[in-house]
Structures are given as C-alpha cells and as structure tokens.
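Trainee:
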Amino acid sequence: MKRTVVITGAAGFIGSHLSEALIARGYAVVGIDNLLTGDAANVDHLTARGFRFVEQDVTNHIRVDEPVDFVLHWASPASPADYLNFPIPTLKVGALGTHNALGLALAKQATFVLASTSEVYGDPLEHPQSEAYWGNVNPIGPRGVYDEAKRFAEAMTTAYHRYHGLDIRIARIFNTYGPRMRIDDGRAVPNFIAQALRGQDVTVYGDGEQTRSLCYVSDLVDGVIRLMHAQTTEPVNLGNPLELSVAALARRIIAATGSRSTIVHKPLPVDDPRVRQPDIARARELLAWEPRVPLAEGLAATIEYFRAKLGRIPASAAD
Ligand code: UDP
C-alpha cells in the first residue's frame, strides 16, 4: 500500500523539495500551505504524480480524511526578513500550527516530524553547536518570534511524545540553500546572487566576519528522510559543517556569477548570531548521513535557478 505523508508548508523552499523527494520514493503526499511565504508554482509540477495540494492555514484546525503515516510540520516563515514582517503569524504557526499538526498526527497514529532550527541555539556561546547545547536566545529581540516559537514547538512535540506516546522526530535544520528559495526572501544566498547577477552592490551586513555553514537542499532532504525512518525521538542537527564567513560567501558568489559587483557594508541586524556550525556527530551515527554536495556545486545550481528566474522577470520589476 502507498504510504501517505502530510507536509505543512509544502509550497515553501524545503517543503517543496521534500514533497518531490517523497513522491519520487513512492509516497502519496498531501501538501498544505497558506502561501504566506510559499509559492504554489513550487509544487505545480507534482500534482500529476500523487501530490494533493490544500491551501489552508494550519494555525486553524487541519482536516485530512485519509489515513496518514507521517506528518511533517514544515510551515513557517523562515527567513529573518520574513519573520520580521510577519511576527505574529510566525509565533502562531510555531505554536498553534504545531499543536494542530501534532493533533493530526495523534489522531492518525502517525509519526510526527518537526522542522526545528539552529535558531534554537540563538547567538551561541558554544561552538560548534551540538544537540546538548541549550542555546542563548533573546526572547524579546526581533528574532525571538521565530526562535521562541521553534523552542516552544520542540517542547510541545516532546510533551506529545511523553504524555501521549506519539512517535516524534525533531530535525534542527541549519542554513540551507538551493533552487526555489525566494529571490526576495532577504537571506544572504538569494540576496547575494540576485545582486551579483544584476550587477548591483552586494550587501554584507556588519564586518562580514560572522559565520554560517551552508547545506545544499538535496543533502538536507536526504537527512530528513533518513530521520523519518530512524529510531530516535531526540533532536538531530542537520546541516553542513563547512563554515565560512559571510564576507567570504559574498566573494564566492561574486566570483561564481562572473559579476563585477562590489561589496558594500550595511548595519548588522540586531541579535545576528556571530557564529554557526552544526556538530553532526549524532546524524552521522544515527542516520549514517552527511552532506555530500560541495559548496561550489550547490552554488552553481542555485545561481542557474536564479539566472533563469531573473530572465523571466520584466526589467522594471527586476531593478
Ligand atoms: N546577510 C548579509 N547580507 C544580506 C543578507 C544577510 O550580510 O544581504 C548576513 C546576515 O546578517 C547573517 C548572514 O548573512 O549574518 C546569514 O543571514 P540569513 O538571512 O541568510 O540567515 P540567518 O543565518 O541569519 O538566519
């Protein structure tokens, strides 16, 4: 029998890649999204292949009639610019949306998988970050709406496991990039690529010495699917340990696009983490997983995607 997966946030960047990978592995996928930051065009090509799209806000009751084997709760604004624009929906989808998605999983006796985040570690005082680290988050800072919603979501998910015996997984996802990121989502990778391709200044915030570790989306999706089938209810970091400074990333992207853009510095956003690098020992051990796509290869594929996208945007809108 075909196994059925419900994915909230299925029309988003990672949600759409997850949907595609699961369909390719023979699952039926019900994708739910309110399209606040997602785009139905990301999943249009899947509807002929066992994917059913439901436009719905998961902060309200989620109704799915058929039996369900997995609930993957991916819905949330996920870029700092988005959650600054939508602070209350971000808190609601992390809190009420998680509660509803857990309720659906419990009713269906499904395995629940939470898309958590490296943001639970905040501006970390331990480096690299292992799952044992409790984090350094400012609850009332601008990023608090996302960080605390995800921390609440982890607590709620764990409570459903302890109290109801629900089978759970928690993926702590570090910076991920690839095709289908929104060109205007405000994150470093789409900003730098779009700016470089348009010949505009590349905006590095602060001195650019803050670090991130970038995982290509196909690697991340592979890790999530392994986690779905693993026997652990503990949080698992998923990310690429290769760490680089934001300024170095900007230089790599300028070179890879062949652009003549130059770097300009803008103010560092409040509470911007100084460093970030996953310790993936747990994922290596429990999932036999590690990222494989080199940065140069992942960036080349992402640049191709944005190049094609920019080609389709009228010049006036692209300026
Ligand atoms: N950043 C930057 N220029 C931009 C966008 C982001 O220098 O145009 C920096 C940002 O301040 C942060 C890093 O790049 O230090 C990664 O930001 P992103 O928004 O991609 O995600 P975050 O890891 O902060 O959630």
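Add 1345 to the 1-based position in the sequence shown for the numbering used here, that's all there is to it. Here a beta-carbon is modelled for each residue, glycine too, at the ideal position from N, C-alpha and C. All values reported here derive from a predicted model rather than from experimental measurement.
Exposed or buried, which one is His-1509 when buried takes at least 16 other CB atoms within 10 Å?
Mentor: Exposed: under 16 other Cβ atoms inside 10 Å.
Trainee: What is the C-beta distance between Thr-1456 and Asp-1414, in whole angstroms, given that I count them as a contact (C-beta under 8 Å)?
Mentor: The Cβ separation is near 7 Å, so the contact holds.
Trainee: Where in the stretch 1538-1593 do unbroken runs of the alpha helix (DSSP H), each at least 4 residues long, occur, reported from the N-terminal end onward?
Mentor: Complete alpha helix (DSSP H) runs here, min 4: 1562-1573.
Trainee: For Tyr-1508, does the three-state DSSP call read helix, strand or coil?
Mentor: Three-state result, Tyr-1508: helix.
Trainee: At a threshold of 6 Å, does Arg-1543 count as lining the ligand UDP (C-beta to nearest heavy atom)?
Mentor: Result no, Cβ not under 6 Å from the ligand UDP.
Trainee: Pick helix, strand or coil for Ser-1461, following the three-state DSSP scheme.
Mentor: Of the three classes helix, strand and coil, the one that applies to Ser-1461 here is strand, per DSSP.
Trainee: What is the DSSP secondary structure of Gly-1371, counted as helix, strand or coil?
Mentor: Looking at Gly-1371 - three-state DSSP - the assignment turns out to be coil, as it is neither helix nor strand.
Trainee: Measure the CB-CB distance between Ala-1595 and Val-1547 and report whether it falls below 7 Å.
Mentor: Yes, the pair counts as a contact, with Cβ atoms nearer than the cut-off.
Trainee: Asp-1624 by DSSP, collapsed to three states: which one?
Mentor: Here Asp-1624 sits in coil by DSSP.
Trainee: Assuming Arg-1488 is part of the beta strand (DSSP E), what are its boundary residues?
Mentor: Looking at the DSSP string, Arg-1488 is not in any beta strand (DSSP E), and its letter there is neither H nor E.
Trainee: Around the Cβ of Thr-1392, are there at least 16 other Cβ atoms within 10 angstroms (buried) or fewer (exposed)?
Mentor: So Thr-1392 ends up on the exposed side.
Trainee: Give me the residue from Thr-1435, Leu-1451, Asp-1378, Glu-1635 with the minimum Cα distance to Tyr-1412.
Mentor: Before going further, note that residue 1412 is Pro rather than Tyr in the sequence given. Nearest C-alpha to Pro-1412: Leu-1451.
Trainee: Does the beta-carbon of Tyr-1550, which I'm using as the reference point, lie nearer than 6 Å to any heavy atom of the ligand UDP?
Mentor: Indeed, a heavy atom of the ligand UDP lies less than 6 Å from the Cβ.
Trainee: Under 7 Å between the Cβ atoms of Ile-1433 and Gln-1401?
Mentor: Against a cut-off of 7 Å, the Cβ pair of Gln-1401 and Ile-1433 comes out as no contact.
Trainee: Measure the CB-CB distance between Pro-1473 and Cys-1560 and report whether it falls below 7 Å.
Mentor: The answer is no: Cβ separation not under 7 Å.
Trainee: Could you check what DSSP says for Val-1399 in three-state terms: helix, strand or coil?
Mentor: In the structure shown, Val-1399 sits in a strand (DSSP, three-state: E or B).
Trainee: Would you identify the three-state DSSP class for Arg-1514, choosing helix, strand or coil?
Mentor: Strand.
Trainee: Using C-beta distances below 7 Å, list every residue in its chain close to Pro-1484, excluding the 5 sequence neighbours before and after it, in chain order.
Mentor: Glu-1493, listed in sequence order.
Trainee: Answer yes or no: the CB of Asn-1536 versus the heavy atoms of the ligand UDP, is any distance below 6 Å?
Mentor: Yes, Cβ of Asn-1536 sits closer than 6 Å to a heavy atom of the ligand UDP.
Trainee: Tell me whether Val-1591 counts as near the ligand UDP, meaning its Cβ is closer than 6 Å to at least one heavy atom of that ligand.
Mentor: Yes, Cβ of Val-1591 sits closer than 6 Å to a heavy atom of the ligand UDP.
Trainee: Checking 7 Å against the spacing of the C-beta atoms, do Ala-1369 and Val-1416 come in under that value?
Mentor: In this structure, Val-1416 does not lie closer than 7 Å to Ala-1369 by Cβ.
Trainee: Within this structure, are the beta carbons of Ala-1420 and Gly-1354 separated by less than 7 Å?
Mentor: Yes.
Trainee: Mind checking which residues open and close the beta strand (DSSP E) that includes Thr-1353?
Mentor: Start and end: 1349-1353.
Trainee: If you measure from the CB of Gln-1622, is any heavy atom of the ligand UDP nearer than 6 Å?
Mentor: No, the ligand UDP has no heavy atom inside 6 Å of this Cβ.
Trainee: Shortest alpha-carbon distance to Arg-1348 belongs to which of Ala-1423, Glu-1476, His-1574?
Mentor: Of the listed residues, the one whose Cα sits closest to Arg-1348 is His-1574.
Trainee: Could you name the residues of the same chain whose beta carbon sits closer than 6 Å to that of Asn-1520, not counting the 5 residues immediately before and after it, in chain order?
Mentor: Same-chain partners within the cutoff: Arg-1557, Leu-1559.
Trainee: Does the Cβ of Asp-1617 lie closer than 6 Å to at least one heavy atom of the ligand UDP?
Mentor: Within the cutoff, so yes.
Trainee: Out of Leu-1381, Leu-1380, Asn-1387, Asn-1379, state which residue places its alpha-carbon closest to the alpha-carbon of Leu-1363.
Mentor: The shortest C-alpha separation from Leu-1363 is found at Asn-1387.
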